[in-house]
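Visitor:
Number of protein chains: 2
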Amino acid sequence: MTLEDVAKRARVSTATVSRVLNGARGVRPATQARVLRAAEELHYTPDLNARSLAGGQPRSLGMVVSNIVNPFFLDIFRSVEARARQRGYDLIVANTDYAPDRLASSIMTILGRRVAGLALVVSETVPPVVSTIAAKLPIVLYDGGGHRLKDVTNIRANYRGGMQRIVEYLHALGHRRMAFIGHHTRLGPLHERREAFLSIAEEYAPRSKVMTVESADGLAGGQEAMRHILDSGFKPTAIACVNDFMAVGAVRELHVRGVSVPGDMSVTGFDNVALSEFAVPSLTTADVPRETIGRLICDALIPSAGEDRPLFRTEMVVETQLIVRESTAPPRSRSVRQGQRRTATASR
Amino acid sequence: MTLEDVAKRARVSTATVSRVLNGARGVRPATQARVLRAAEELHYTPDLNARSLAGGQPRSLGMVVSNIVNPFFLDIFRSVEARARQRGYDLIVANTDYAPDRLASSIMTILGRRVAGLALVVSETVPPVVSTIAAKLPIVLYDGGGHRLKDVTNIRANYRGGMQRIVEYLHALGHRRMAFIGHHTRLGPLHERREAFLSIAEEYAPRSKVMTVESADGLAGGQEAMRHILDSGFKPTAIACVNDFMAVGAVRELHVRGVSVPGDMSVTGFDNVALSEFAVPSLTTADVPRETIGRLICDALIPSAGEDRPLFRTEMVVETQLIVRESTAPPRSRSVRQGQRRTATASR
DNA sequence: TTGAAAGCGCTACCAC
DNA sequence: GTGGTAGCGCTTTCAA
Numbered sequence: 133m134t135l136e137d138v139a140k141r142a143r144v145s146t147a148t149v150s151r152v153l154n155g156a157r158g159v160r161p162a163t164q165a166r167v168l169r170a171a172e173e174l175h176y177t178p179d180l181n182a183r184s185l186a187g188g189q190p191r192s193l194g195m196v197v198s199n200i201v202n203p204f205f206l207d208i209f210r211s212v213e214a215r216a217r218q219r220g221y222d223l224i225v226a227n228t229d230y231a232p233d234r235l236a237s238s239i240m241t242i243l244g245r246r247v248a249g250l251a252l253v254v255s256e257t258v259p260p261v262v263s264t265i266a267a268k269l270p271i272v273l274y275d276g277g278g279h280r281l282k283d284v285t286n287i288r289a290n291y292r293g294g295m296q297r298i299v300e301y302l303h304a305l306g307h308r309r310m311a312f313i314g315h316h317t318r319l320g321p322l323h324e325r326r327e328a329f330l331s332i333a334e335e336y337a338p339r340s341k342v343m344t345v346e347s348a349d350g351l352a353g354g355q356e357a358m359r360h361i362l363d364s365g366f367k368p369t370a371i372a373c374v375n376d377f378m379a380v381g382a383v384r385e386l387h388v389r390g391v392s393v394p395g396d397m398s399v400t401g402f403d404n405v406a407l408s409e410f411a412v413p414s415l416t417t418a419d420v421p422r423e424t425i426g427r428l429i430c431d432a433l434i435p436s437a438g439e440d441r442p443l444f445r446t447e448m449v450v451e452t453q454l455i456v457r458e459s460t461a462p463p464r465s466r467s468v469r470q471g472q473r474r475t476a477t478a479s480r
Numbered sequence: 133m134t135l136e137d138v139a140k141r142a143r144v145s146t147a148t149v150s151r152v153l154n155g156a157r158g159v160r161p162a163t164q165a166r167v168l169r170a171a172e173e174l175h176y177t178p179d180l181n182a183r184s185l186a187g188g189q190p191r192s193l194g195m196v197v198s199n200i201v202n203p204f205f206l207d208i209f210r211s212v213e214a215r216a217r218q219r220g221y222d223l224i225v226a227n228t229d230y231a232p233d234r235l236a237s238s239i240m241t242i243l244g245r246r247v248a249g250l251a252l253v254v255s256e257t258v259p260p261v262v263s264t265i266a267a268k269l270p271i272v273l274y275d276g277g278g279h280r281l282k283d284v285t286n287i288r289a290n291y292r293g294g295m296q297r298i299v300e301y302l303h304a305l306g307h308r309r310m311a312f313i314g315h316h317t318r319l320g321p322l323h324e325r326r327e328a329f330l331s332i333a334e335e336y337a338p339r340s341k342v343m344t345v346e347s348a349d350g351l352a353g354g355q356e357a358m359r360h361i362l363d364s365g366f367k368p369t370a371i372a373c374v375n376d377f378m379a380v381g382a383v384r385e386l387h388v389r390g391v392s393v394p395g396d397m398s399v400t401g402f403d404n405v406a407l408s409e410f411a412v413p414s415l416t417t418a419d420v421p422r423e424t425i426g427r428l429i430c431d432a433l434i435p436s437a438g439e440d441r442p443l444f445r446t447e448m449v450v451e452t453q454l455i456v457r458e459s460t461a462p463p464r465s466r467s468v469r470q471g472q473r474r475t476a477t478a479s480r
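Residue numbers (the numbering used here), protein chains in the order written: chain A, 133 to 480; chain B, 133 to 480.
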């Protein structure tokens, strides 16, 4: 089923069919109708590969994310996709599962589709080749953490500020022994987030004791990290998690062990994904505005009407906001009792 | 950066470069090395559009899902993707958000990419055009519900059986007044699921009273549906939800109102997504084996070694399994007290 | 307003 | 082993 088939049936040339299908003006209404009808009757489906090979400007964007299962990344994806669609672009996603080697190959795959722009929403350290690509293609890097890239639009959330508000809040509640649950310490950006927690905890509570634990990103990872903490002998009264997703897993482990939240222990998340509001107890967290981020990403990749290239900015920072919910409270005066495990009914 | 650039630099023809890059045998090692180095030095990225235009068999699969945010669909997606990748294919996804008109356009878009096969993992009624397509392309329909399509591999989970085990279990616990929370009644397949609940509830407890409520798929939808039930005056002792995702929202609403689960009310989910295990309380649910479904989908789309077309089967049914966790218990002898709301601290 | 034809970058076939 | 080259289906000049 090709353009030519449609052309034959409508008794016009392929050029005319192409014009009609692309909404070009300057085609006689009668001809147009004939073409449309022919295409309809033949169930014609344009070959997008041929189209983008032949065509001028590409009409798709590419995006690489670290963990599509984490609702944070999923929300960003959906936000970018919605806005892109609105502007006539579609979005190709690739997922790395935090595997550094999959980052490079994902970038290649997407570039192979000849996209108009590329968004890297990843926690991994981006390969140097990206700078080279940036010369020919608008690139956005979200959460590059430490390293801002030249010629690339760097968008980041003020994680340090958010973490500061969280620690400050916990401190104000009276917490002095805290722990941090993170993941993949080796990855630059995430490492930085952990450091933020450490230095801020230090600043707000010089006498405070802290520990940090890392596990895989996800519900199971959060649970496992909490298990480590509880088994370590260190008895914090509050736990700050790197994101909501892991926090839900952490809360689950506390539930299994009969440690009440926030009665016996406070827990905080980060991101303010929908789940944080529906969890029981709902999570105190820091809102990272995913809608805004998606919008900024799109605007940095798609040229606005009349422009040739999208407006380039080196760096943009979005603010985070403390959201207080049920998972935090002042610590009990007596220390949290440990080891009062009950049968772990639902853990595997 | 094209094949020709690489060819020039390596002082060979484009044909040879193509051979090397596609791992064909019969190229002198020295030549091969030269080509590889040239490609490397130029940061050559093959144009996938041109490749699939020119090439023989397409190496990608397409898939349409109803709601990528629902972890059930996300798991299926990941399962199919993993297996496809393993067999050298990649996966293009489109998401409809349950909008029937987006189903048709999603199918067009994917077909436009000239995929080797198409999986429809949707709750919407599929358009008739699908039968036409099936003549040229392997198609899998998951959860077509009522209508099995001819010439299409129909995969479905035994929802009725799962629902039966759930209702049976609730009945055995002593529940007689139940409600069902679903979504999008108008959509064929989902309607059927609700009917299954009704008829089974009828069968197991002839004297039982039931009500059904529909809302949007998702956490917020589950919460809203539960709100309707609680405000309706009908006081069930157990609630069966169409999926885990909505169940978590339902449980949240009960928590907000101070109704304890499972003390005052039992709740069940469906699917057994990871979240159901990490929720507080964890959910009694029916496992729908998403890994298996992903495998079946792939195998119905990709020809096995030596074959020309994948093995065609009209229908395959996967079984569901009851998973008992914390969210269900016998009803209290006294009726559930209603309206003892406490301040809804975190609802908006 | 429409048609003819030149590519887009690649693969695959046929020569050498 | 390697090169030449004919398309794949489409968009886009350039002519008519």
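Here a beta-carbon is modelled for each residue, glycine too, at the ideal position from N, C-alpha and C.
#1: Mark serine 255/B as exposed unless 16 or more other C-beta atoms lie within 10 angstroms of its C-beta, in which case mark it buried.
#2: For the beta strand (DSSP E) that contains asparagine 227/B, what are its first and last residues?
#3: May I ask you to report which of helix, strand or coil DSSP gives alanine 476/A?
#4: Identify the residues that DSSP records as bridge partners of histidine 315/B: which are they?
#5: For serine 459/B, count neighbouring Cβ atoms within 10 angstroms of its own Cβ and tell me buried if that reaches 16, exposed if not.
#6: Can you pull the chain A residues whose beta carbon is under 8 Å from the beta carbon of serine 184/B, in chain order?
#7: Count Cβ pairs between the segment 253-267 of chain B and the segment 220-232 of chain B that sit closer than 8 Å; are there 3 or more?
#8: Quick check on DSSP: helix, strand or coil for serine 465/A?
#9: Can you give the Cα-Cα distance for isoleucine 371/B and aspartate 396/B, rounded to whole angstroms?
#10: With a threshold of 6 Å (Cβ to nearest heavy atom), would leucine 193/A be considered close to the ligand MN?
#11: Please work out which residues of its chain come closer than 6 Å, Cβ to Cβ, to glutamate 346/A, disregarding the five sequence neighbours upstream and downstream, and give them in chain order.
#12: Can you tell me whether DSSP reads glycine 353/A as helix, strand or coil?
#13: To test your reading of the DSSP string, which unbroken beta strand (DSSP E) runs of 3 or more residues are found completely within the segment 377-439 of chain B?
#14: Give the straight-line distance between the Cα atoms of arginine 245/A and leucine 180/A, rounded to the nearest whole angstrom.
#15: Grab the span of the beta strand (DSSP E) containing methionine 195/A for me, first residue to last.
#16: Could you name each continuous beta strand (DSSP E) segment of 3 residues or more that falls completely within the segment 146-210 of chain A, going from the start of the chain to the end?
#17: On the CB-based measure, 16 or more other CB atoms within 10 Å of its CB, does glycine 471/B come out buried or exposed?
#18: Quick check on the burial criterion: 16 or more other C-beta atoms within 10 angstroms. Buried or exposed for serine 211/A?
#19: Quick check: arginine 464/A and serine 414/A, are their CB atoms within less than 7 Å of each other?
#20: Just to check my reading of the structure: aspartate 376/B and phenylalanine 402/B have Cβ atoms closer than 8 Å, yes? What is that Cβ distance to the nearest angstrom?
#21: Report yes or no: do the segment 183-196 of chain A and the segment 157-165 of chain A share at least 3 C-beta pairs separated by less than 8 Å?
#22: What does the alpha-carbon distance come out to for the pair glutamine 218/A and leucine 273/B?
#23: Along chain B, in chain order, which residues have C-beta atoms closer than 9 Å to that of arginine 384/A?
#24: Put methionine 295/A into one of helix, strand or coil per three-state DSSP.
#25: Just the chain A side, please: which residues come within less than 7 Å of proline 178/B by C-beta, in chain order?
#26: Distance cutoff 7 Å, beta carbons only. Does histidine 387/A sit that close to anything in chain B?
#27: So the alpha helix (DSSP H) leucine 235/A belongs to, where does it begin and stop?
#28: Taking three-plus beta-carbon pairs below 8 Å as touching, is the segment 380-397 of chain B in contact with the segment 328-342 of chain B?
#29: Across the segment 345-360 of chain A and the segment 168-178 of chain A, are there enough close Cβ pairs to call them in contact, namely three or more that are closer than 8 Å?
#30: Which residues in chain A sit within 7 Å of leucine 302/B, going by Cβ to Cβ distance?
#31: Find the residues of chain A that neighbour valine 261/B, judging by a C-beta separation of less than 8 Å, and give them in chain order.
#32: Please check the pair valine 152/A and leucine 168/A, which I expect to be a contact at CB under 8 Å, by giving their CB distance rounded to whole angstroms.
#33: State the Cα-Cα distance for the pair glycine 187/B and arginine 141/A, rounded to the nearest angstrom.
#34: Any beta-carbon of chain B closer than 7 Å to the one on glycine 306/A?
#35: I'd like the span of the alpha helix (DSSP H) that includes alanine 266/B, first residue to last.
#36: What residues in the segment 194-213 of chain A bring their beta carbon closer than 9 Å to a beta carbon of chain B?
Guide: With the structure as the only source:
#1: buried
#2: That run of the beta strand (DSSP E) goes 222-227.
#3: Residue placement at alanine 476/A is flagged as unreliable, the pLDDT there being 36, under the threshold of 50; the coordinate-derived value follows with that caveat. Here alanine 476/A sits in coil by DSSP.
#4: Ser347/B
#5: buried
#6: Asn181
#7: Pairwise C-beta distances place the segment 253-267 of chain B in contact with the segment 220-232 of chain B, as three or more of them are shorter than 8 Å.
#8: If DSSP states are grouped into helix, strand and coil, serine 465/A belongs with coil.
#9: The straight-line gap from Cα to Cα measures roughly 11 Å.
#10: For the structure depicted, the ligand MN is absent and the ligand set is empty, with no information on it obtainable.
#11: Gly314, His315, Thr317
#12: helix
#13: Listed in chain order, the complete beta strand (DSSP E) runs (minimum 3 residues) inside the segment 377-439 of chain B are 398-400, 417-419.
#14: Answer to the nearest angstrom: the Cα atoms are 11 Å apart.
#15: 192-197
#16: Counting whole runs of 3 or more residues, the segment 146-210 of chain A contains the beta strand (DSSP E) stretches 192-197.
#17: In this prediction, glycine 471/B scores a pLDDT of 41, lower than 50, which makes its location untrustworthy; no coordinate-derived value is stated.
#18: Under this definition serine 211/A is a buried residue.
#19: no
#20: 6 Å between Cβ atoms; contact.
#21: no
#22: 29 Å
#23: Here the neighbours are Glu409, Phe410, Ala411, Val412, Ser414.
#24: helix
#25: Gly244
#26: yes
#27: Element bounds for leucine 235/A: 232-244.
#28: no
#29: Here the segment 345-360 of chain A does not lie against the segment 168-178 of chain A, with fewer than 3 beta-carbon pairs under 8 Å apart.
#30: Neighbours of leucine 302/B on chain A: none; closest Cβ ~18 Å, over 7 Å.
#31: Neighbours of valine 261/B in chain A, taken as residues at a C-beta separation under 8 Å, are given in chain order as His175.
#32: 7 Å
#33: C-alpha separation (whole angstroms): 27 Å.
#34: Chain B places no beta carbon closer than 7 Å to that of glycine 306/A, leaving this residue out of the contacts.
#35: 261-266
#36: The segment 194-213 of chain A vs chain B, Cβ under 9 Å: Ile200, Val201, Pro203, Leu206, Asp207, Phe209, Arg210, Glu213.
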